[in-house]
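**Q** FYI, the numbering for the sequence shown is 1149 to 1186, going by the working numbering.
Take this structure, written in structure tokens, and hold onto it; I'll ask about it next.
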Amino acid sequence: MRAKTPFWQAVAACGAGLAIPLAWSFTSSMASQAFDPV
1149 MRAKTPFWQA VAACGAGLAI PLAWSFTSSM ASQAFDPV
């Protein structure tokens, strides 16, 4: 089984598309809590 199949490329693209906004929202929320603790 090859690693460079279109299916796995699509899975990787979808994974990155989901992970990047989640990581950004997580880091931004942590930063907002650090600068403005409630």
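Where is the CB? At the ideal position from N, CA and C, for every residue including glycine.
Bear in mind that the values here come from a model prediction, so they are computed numbers and not experimental data.
What does the alpha-carbon distance come out to for the pair residue 1175 and residue 1153?
**A** Approximately 32 angstroms, taken between the alpha carbons.
**Q** Determine the direct distance from the alpha carbon of residue 1159 to that of residue 1168, and round the result to whole angstroms.
**A** Roughly 14 angstroms separates the two Cα atoms.
**Q** Please confirm if residue 1160 has its CB atom under 9 angstroms from at least one CB of chain D.
**A** Among the chains in the structure shown there is no chain D, since it carries only a single protein chain.
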